[in-house]
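In what follows, a single structure is set out as structure tokens and then discussed.
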Amino acid sequence: MGDKSASTVDILALVITFFGFYAQISAGSRVGRVLA
Numbered sequence: 122m123g124d125k126s127a128s129t130v131d132i133l134a135l136v137i138t139f140f141g142f143y144a145q146i147s148a149g150s151r152v153g154r155v156l157a
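Per the working numbering, residue 122 is the first one in the sequence shown, and the count goes up by one each step.
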């Protein structure tokens, strides 16, 4: 069960990191379009 818990935390962290990275790209694209 310890492995499952670690896996769940790792997956959750990965999802959060990916979502944050995607949000930054989306925000950057919007800002770039506005400036352009």
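Heads up, the beta-carbon is just placed ideally off N, CA and C, and yes, glycines get one too.
Residue i to residue j span [Cα, whole Å]
i    : j    : result
R154 : V130 : 36 Å
Q145 : K125 : 30 Å
S128 : F140 : 18 Å
G149 : F142 : 11 Å
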